[in-house]
Amino acid sequence: MNRPALVVSALTGGLIAVALYGADCQPPPSMLSLIRHPLVVQAVHRRVAAQRYTLAPDGASPLSREWVEGKRKDWFIENQRGGGDLIEAGVVLGNRKLVDDGLREFEWGYARQSKDGSFPETGDAFHSVSIYVLDTARALLALRDRRDYFAEFVPRLEKMIPHVEAAAEWLLQSAVLEQGKRHDQQYTHRKWILAATLGEASQLTGNPQLAKAAADFAAEGIALQHEDGENPEKGGFDVSYQMVDALNGARYYTTLNCQSQADLLARVRRMIEQTCRWEMRRILPTGEIDVTGSTRMLKESGRGGAIKHTNYKEIVQAFSYTAAITGDPAYAQTAERLARSQGWMPK
């Protein structure tokens, strides 16, 4: 882990300590570099490409379509978040249909956006919008890095960027932010969703105010972590949401730079590693994760009504991204072990 070098200079009879950050700072990987990790390609992107995803012709996801048809009372803009996985898989695998499907899914959602950046029809607005922007921005960043290869999609990408910025700015409106933060306080993972959401949106749009707000959320997330690496979640711990912190901490990490944020890079990296080490102690001999004592897994239901189970896809990504950031093969080995436990890689 990068640590500040302390230089002590004698000046007029006194010692002034000057902390110099960045002397040995390694620039973070790009979002595209993270999602190209070989384990993620095999265990995540190839599975996304092979699945039968019932996206409607107009871009509505299955849950959104049920809502439009009156089969579901409540609707959340995050129901359109699947475009992120589709675009990332398409970018990595060179699959234009996946990219097109992902853009259509996002376009359907942004067509329901108001001029102030909000989505007035959505439930749980602050959290749901943050998730939607998170998954839009990460996918568009990766697609933009390959714009020469996917030139036909660039106009649609560029048209979407102002919508992403408007939604991110809406999250920071004082009344919206105050209420959202008050509701989110018991969920550490939401600090890291917001850090990644705003950091990615800043990188995508060039808006520096979004980056500043992202750094504030990252600082809040770091402050919540326990010494042993546990990230509190709803009054205890949760083995699945624990790794949402590492996953989105890694995504946020890609938006930082050595020149002005070396200290923050080091602190975020330390959080990610501590989070992963805590999780590694919960892995059973079978390669599965022990959920005993978790506050949310097998206790709560998701937006679609199904009971929540450990999200191995996100956890494999989180360990793989941590391996890419740190260069430590132990994290890649853990990701592979988890993927094998789910039958996603040959044993």
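When you line the sequence shown up against my numbering, it's residues 7 to 353, in that order. Note that beta-carbon positions come from the ideal geometry of N, C-alpha and C, so glycine has one too. Please read all numbers here as calculations on a predicted model, not as lab measurements.
Rounded to the nearest whole angstrom, the C-alpha separation of residue 317 and residue 246 is 6 Å. Look at residue 125 here: in three-state DSSP terms it is coil, with no helix or strand label. Comparing alpha carbon positions, the residue from 70, 60, 62 closest to residue 310 is 70. Inside the segment 223-280, DSSP marks no whole beta strand (DSSP E) run of 3 or more residues. Here the segment 80-90 makes no contact with the segment 317-330; the two share fewer than three CB pairs at distances below 8 Å. Residue pairing by DSSP places residue 300 opposite 243 in a beta bridge. Boundaries of the alpha helix (DSSP H) around residue 92: 89-99. Taken through DSSP and simplified to helix, strand or coil, residue 307 comes out as strand.
Nearest neighbour of residue 280 by Cα position, chosen from 270, 252, 306, 307, turns out to be 252. Between residue 33 and residue 264, the C-beta gap is smaller than 8 Å, which places the two residues in contact. By the neighbour-count criterion, in which 16 or more other beta carbons inside 10 Å mark a residue as buried, residue 324 falls on the buried side. When the five nearest sequence neighbours on each side are left out, the beta carbons in the same chain lying within less than 6 Å of the beta carbon of residue 255 are those of 198, 274, 277, 278, in order along the chain. The three-state secondary structure of residue 327, taken from DSSP, is helix. Distance from the Cα of residue 111 is smallest, within the candidate group 80, 30, 162, 122, for 162. One thing to note: residue 283 has its Cβ within 8 Å of the Cβ of residue 235. According to the DSSP assignment, residue 166 belongs to the alpha helix (DSSP H) that extends over 160-177. Between residue 326 and the set 249, 304, 200, 296, the nearest pair of CA atoms involves 249. Per DSSP, the unbroken alpha helix (DSSP H) holding residue 141 starts and ends at 131-151. Minimum Cα-Cα distance from residue 217 among the listed residues 208, 141, 123 corresponds to 208. Looking only at 297, 61, 45, 181, the smallest Cα-Cα distance to residue 338 is reached by 45.
Per the C-alpha coordinates, the member of 186, 231, 170, 187 positioned closest to residue 203 is 170. In the three-state reduction of the DSSP assignment, residue 116 falls in the helix class. Between the C-alpha atoms of residue 294 and residue 244 there is a straight-line separation of about 15 Å.
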